[in-house]
Amino acid sequence: MSGATVAAVAPRTRQRTAEARRRAFLTTVANHAVAIALTAAFVLPLFFVVTTSLMTQQQALNPHDLIPHPFQWRNYTDIFSEEPILRYGWNTLVYAGLATLGVVLSSVPVAYALSVIKWRGQRVVFLLVISTMMLPSQVTIVPLFLLFKQFGWIGSLKPLIVPAFLGDAFSIFLLRQFFLTIPSELVDAARVDGANEFQIMWHIVVKVAKPAIAAVGLFQFLYCWNDFFGPLIYSLNNDKIWTLSVGLQQFTTIHRGVLWNQQMAASVVFMLPVIIVFLIAQKAFIEGITLTGVKG
Amino acid sequence: MSTKTDTIAAGAAGATPARRRRTRRRYLTVAAFMSPWIVGFLVLYVYPMLASLYYSFTKYDGSKAGPRWTGLSNYQFMFTKDALFWLSLRNTIWMVLVSVPLAIVLGVGSAYVLTKPRRGRAFYRTAFFLPTMVPAVAAAVAFLFLLNAGGPIDHILGFFHLPQPLWFVSAQWSKPGLVVIGLWGVGSTMIIFLAALLNVPAHLYEAADIEGANAWQKFRRITLPMISPVIFFTAVIGVIYGFQYFTEAYVVGASVGSAAGGSSSALGSPQGSTLFYTIWLYQQGFESFHLGYASAMAWMLFLIVMACTLVLIKSSNRWVFYQGGFR
Numbered sequence: 001m002s003g004a005t006v007a008a009v010a011p012r013t014r015q016r017t018a019e020a021r022r023r024a025f026l027t028t029v030a031n032h033a034v035a036i037a038l039t040a041a042f043v044l045p046l047f048f049v050v051t052t053s054l055m056t057q058q059q060a061l062n063p064h065d066l067i068p069h070p071f072q073w074r075n076y077t078d079i080f081s082e083e084p085i086l087r088y089g090w091n092t093l094v095y096a097g098l099a100t101l102g103v104v105l106s107s108v109p110v111a112y113a114l115s116v117i118k119w120r121g122q123r124v125v126f127l128l129v130i131s132t133m134m135l136p137s138q139v140t141i142v143p144l145f146l147l148f149k150q151f152g153w154i155g156s157l158k159p160l161i162v163p164a165f166l167g168d169a170f171s172i173f174l175l176r177q178f179f180l181t182i183p184s185e186l187v188d189a190a191r192v193d194g195a196n197e198f199q200i201m202w203h204i205v206v207k208v209a210k211p212a213i214a215a216v217g218l219f220q221f222l223y224c225w226n227d228f229f230g231p232l233i234y235s236l237n238n239d240k241i242w243t244l245s246v247g248l249q250q251f252t253t254i255h256r257g258v259l260w261n262q263q264m265a266a267s268v269v270f271m272l273p274v275i276i277v278f279l280i281a282q283k284a285f286i287e288g289i290t291l292t293g294v295k296g
Numbered sequence: 297m298s299t300k301t302d303t304i305a306a307g308a309a310g311a312t313p314a315r316r317r318r319t320r321r322r323y324l325t326v327a328a329f330m331s332p333w334i335v336g337f338l339v340l341y342v343y344p345m346l347a348s349l350y351y352s353f354t355k356y357d358g359s360k361a362g363p364r365w366t367g368l369s370n371y372q373f374m375f376t377k378d379a380l381f382w383l384s385l386r387n388t389i390w391m392v393l394v395s396v397p398l399a400i401v402l403g404v405g406s407a408y409v410l411t412k413p414r415r416g417r418a419f420y421r422t423a424f425f426l427p428t429m430v431p432a433v434a435a436a437v438a439f440l441f442l443l444n445a446g447g448p449i450d451h452i453l454g455f456f457h458l459p460q461p462l463w464f465v466s467a468q469w470s471k472p473g474l475v476v477i478g479l480w481g482v483g484s485t486m487i488i489f490l491a492a493l494l495n496v497p498a499h500l501y502e503a504a505d506i507e508g509a510n511a512w513q514k515f516r517r518i519t520l521p522m523i524s525p526v527i528f529f530t531a532v533i534g535v536i537y538g539f540q541y542f543t544e545a546y547v548v549g550a551s552v553g554s555a556a557g558g559s560s561s562a563l564g565s566p567q568g569s570t571l572f573y574t575i576w577l578y579q580q581g582f583e584s585f586h587l588g589y590a591s592a593m594a595w596m597l598f599l600i601v602m603a604c605t606l607v608l609i610k611s612s613n614r615w616v617f618y619q620g621g622f623r
């Protein structure tokens with residue numbers, strides 16, 4: 001496709017390249033047209049949510065035009081004064097933050113033992129770890145609920161946070177896949193120098209695997225931030241510890257079909273933090289997903 | 297206890313006592329590193345699985361009286377008397393059969409679109425992926441509004457003179473509405489396909505160009521086989537999670553149900569059309585406290601998911617193309 005060779009030849013061929021160039025241009029236009037149409041389909045819903053969150057109640061009920069008139073910024077202060085959004089947000093942050101800490105702290109050594117150290121029976125144990133991911137959570141939820149009830153944990157965030165410190169299969173899997181790519185010379189050299197496994201994990205593997213650990217932490221944080229089933233099961237009876245997902249769901253059920261503007265404002269408050277996190281950490285995020293999907 | 301896992305040669309070949317001591321120490325180290333998972337496995341998986349299997353043969357409301365053995369009656373009731381079990385199973389299968397293939401088609405399609413433009417790919421990728429970040433409850437609330445009568449999507453459909461269904465208010469259109477919510481968040485599937493598409497070796501397309509293949513032939517004969525392992529992976533994950541579909545249906549059902557003036561048991565509204573398997577299980581277990589029956593339903597769910605996964609895996613050697621075999 002280099003232009004230098006083409007320029008030297010007869011005008012007839014030059015005519016053909018003009019034709020080819022026109023074709024390439026049309027293809028580019030078509031490609032972008034399709035991409036822009038899809039962009040609209042994916043982004044417009046968010047646009048509508050944001051604009052509606054700034055409308056008056058009447059306009060939101062029948063939004064003939066898309067732009068709010070007047071802009072009712074009060075919706076945002078209203079939901080904070082009428083609903084304990086700050087408390088829901090704090091609860092969500094506590095759940096997501098501590099559970100993420102727990103998953104990272106507990107999953108790194110497990111993934112290390114399943115990849116960097118070699119031992120007999122490793123493969124079977126690894127398959128066992130993976131197989132727990134296949135188990136529908138419904139199978140264990142009833143006994144776990146009764147167990148946590150005995151501990152007096154129902155109506156608190158403990159049933160959501162404490163288990164996170166016992167490792168998470170998906171995170172272990174992802175970390176292991178990454179640890180396996182670490183050159184063994186690095187680890188062997190440290191062993192020859194007399195480092196023990198803990199030192200190798202802490203000083204070498206964790207340092208090298210920072211992107212993977214960041215991805216795991218990010219996934220876990222988002223999972224908890226968005227989680228609805230867990231908080232619904234363990235916290236429904238105590239609105240003091242509701243997370244944003246339960247709070248928003250209850251708010252919607254009460255104000256169904258009436259306060260669309262406030263519901264949309266509350267949704268924006270709920271989704272904005274994770275969207276900001278995503279836009280900042282996009283690269284780590286997408287690499288993490290790719291790692292789970294392709295290198296199986 | 298002879299072991300060959302210790303790959304570091306230890307001086308003299310037959311130094312057994314020292315070697316054995318080292319092997320034991322190694323296993324102790326492994327156990328220490330594995331300990332969070334070992335405790336978690338026992339407390340969060342082994343014990344609850346055994347307990348719920350036992351509960352599934354009992355009548356149990358969680359009270360001090362404890363579970364009462366009733367044999368197979370929960371399973372018998374499920375199959376012969378509980379019409380809502382069958383309704384919820386039908387709804388769930390409908391959802392899996394419709395949304396898993398659509399998610400794959402849209403995932404491959406939008407990833408394919410992303411590979412085309414030379415410029416702006418990062419921008420488009422971010423835009424396509426953005427909805428995936430929206431929490432499930434927020435997405436469901438958003439679409440309750442977007443798809444309500446007189447809402448924005450109604451206006452758009454009206455503008456193009458397309459039919460404007462009642463979506464979540466009608467039993468016929470509530471499930472398609474939920475499919476729309478799911479497809480809006482197709483981004484993570486798309487990212488996996490994008491990586492797979494970019495991994496297809498360029499020389500295969502160049503060879504096809506020389507042979508004079510058109511775009512469709514290249515897609516059908518090169519792209520599809522090369523990404524079929526990822527399609528398979530996505531289908532398996534989609535089926536496993538599809539059967540556990542819960543959050544969006546709960547939010548929509550509770551909201552529509554409460555508007556109709558129902559009580560908490562309005563789950564599945566309108567008219568049971570969003571009563572999915574896990575919704576009915578939740579209602580039985582955590583609203584009616586039929587813990588034995590809920591456990592039986594959970595185990596049945598597990599069996600169904602396992603069966604579907606096995607069928608998919610069995611079928612895979614007919615349509616999944618692994619590069620290793622080709623070379």
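Protein chains in written order, with our numbering: chain A, 1 to 296; chain B, 297 to 623.
Heads up, the beta-carbon is just placed ideally off N, CA and C, and yes, glycines get one too.
Name the residue from the options whose alpha carbon lies nearest to the alpha carbon of residue i.
{"i": "V526/B", "options": "N495/B, S551/B, Y323/B", "result": "N495/B"}
{"i": "F585/B", "options": "P332/B, S359/B, L340/B", "result": "S359/B"}
{"i": "P413/B", "options": "G121/A, L26/A, S137/A, V187/A", "result": "L26/A"}
{"i": "R516/B", "options": "Y501/B, F529/B, M593/B, I506/B", "result": "Y501/B"}
{"i": "N226/A", "options": "A212/A, I213/A, W242/A, N238/A", "result": "W242/A"}
{"i": "A37/A", "options": "Q580/B, T354/B, F329/B, F424/B", "result": "F424/B"}
{"i": "Q580/B", "options": "V208/A, R16/A, V142/A", "result": "V142/A"}
{"i": "Y234/A", "options": "L398/B, S369/B, E583/B, S331/B", "result": "E583/B"}
{"i": "P211/A", "options": "V139/A, E287/A, P163/A", "result": "E287/A"}
{"i": "L186/A", "options": "V216/A, L175/A, A209/A, Q122/A", "result": "A209/A"}
{"i": "I575/B", "options": "V482/B, Y343/B, L385/B, L479/B", "result": "L385/B"}
{"i": "A445/B", "options": "T181/A, T252/A, H64/A, A33/A", "result": "H64/A"}
{"i": "I298/A", "options": "L426/B, V396/B, L599/B", "result": "The structure shown does not extend to residue 298/A, since chain A spans only 1 to 296, so no value can be given for it."}
Under a three-way DSSP split, which group does residue i fall into?
{"i": "K377/B", "result": "coil"}
{"i": "R21/A", "result": "helix"}
{"i": "K254/B", "result": "No statement about residue 254/B is possible, as the shown extent of chain B runs from 297 to 623 and does not include it."}
{"i": "K412/B", "result": "coil"}
{"i": "W365/B", "result": "strand"}
{"i": "F456/B", "result": "coil"}
{"i": "K158/A", "result": "helix"}
{"i": "S560/B", "result": "Note on S560/B: pLDDT 49, under 50, position unreliable in the model; the coordinate value appears next. Helix at S560/B."}
{"i": "D360/A", "result": "Residue 360/A falls outside the range modelled here, since chain A spans only 1 to 296, and no answer is possible."}
{"i": "D65/A", "result": "coil"}
{"i": "K248/B", "result": "The shown model of chain B, from 297 to 623, leaves out residue 248/B, and the question about it has no answer."}
{"i": "H586/B", "result": "coil"}
{"i": "L54/A", "result": "coil"}
{"i": "P163/A", "result": "helix"}
{"i": "Q151/A", "result": "One point to set straight first is that residue 151/A is Phe, not Gln, in the sequence displayed. In the structure shown, F151/A sits in coil (DSSP, three-state: anything other than H, G, I, E or B)."}
{"i": "F542/B", "result": "coil"}
{"i": "G481/B", "result": "coil"}
Out of curiosity, what's the CA-to-CA distance linking residue i and residue j?
{"i": "A628/B", "j": "S591/B", "result": "No answer is possible for residue 628/B: the residues shown for chain B start at 297 and end at 623."}
{"i": "G405/B", "j": "P521/B", "result": "15 Å"}
{"i": "G367/B", "j": "V43/A", "result": "53 Å"}
{"i": "L144/A", "j": "Y341/B", "result": "9 Å"}
{"i": "A314/B", "j": "R321/B", "result": "11 Å"}
{"i": "R623/B", "j": "F617/B", "result": "Low confidence applies here, because R623/B scores a pLDDT of 32, under 50, leaving its location unreliable and the question unanswered by this model."}
{"i": "Q513/B", "j": "M133/A", "result": "38 Å"}
{"i": "H255/A", "j": "V103/A", "result": "36 Å"}
{"i": "G508/B", "j": "R21/A", "result": "19 Å"}
{"i": "F441/B", "j": "A113/A", "result": "49 Å"}
{"i": "V192/A", "j": "L160/A", "result": "42 Å"}
{"i": "Q540/B", "j": "Y573/B", "result": "7 Å"}
{"i": "Y246/A", "j": "R317/B", "result": "Before going on, a small fix: residue 246/A reads as Val here, not Tyr. So the alpha carbons of these two residues sit roughly 54 Å apart."}
{"i": "V475/B", "j": "V430/B", "result": "16 Å"}
{"i": "V116/A", "j": "S554/B", "result": "54 Å"}
The ligand COA heavy atoms versus the CB of residue i: any closer than 7 Å?
{"i": "L114/A", "result": "Of ligands this structure carries none, so the ligand COA is not represented either."}
Name the DSSP beta bridge partners of residue i, please?
{"i": "K355/B", "result": "R364/B"}
- Should the segment 259 to 275 of chain A be regarded as contacting the segment 218 to 228 of chain A, the criterion being three or more beta carbon pairs within less than 8 Å? yes
- Touching by the beta-carbon criterion (3+ pairs, under 8 Å), the segment 204 to 220 of chain A and the segment 170 to 177 of chain A: yes
- Message: Is it the case that the segment 194 to 206 of chain A contacts the segment 46 to 65 of chain A, given that we only count it when at least three CB pairs across the two stretches are under 8 Å?
- Response: no
- Message: Taking contact to mean 3 or more Cβ pairs, one atom from each stretch, closer than 8 Å, check whether the segment 547 to 555 of chain B and the segment 563 to 576 of chain B are in contact.
- Response: yes
- Do the segment 257 to 267 of chain A and the segment 60 to 71 of chain A meet, that is, are 3 or more Cβ pairs less than 8 Å apart? Judged by Cβ distances under 8 Å, the segment 257 to 267 of chain A makes contact with the segment 60 to 71 of chain A, as three or more pairs qualify.
- Message: Check whether the segment 446 to 462 of chain B and the segment 361 to 381 of chain B are in contact - that is, three or more C-beta pairs closer than 8 Å.
- Response: no
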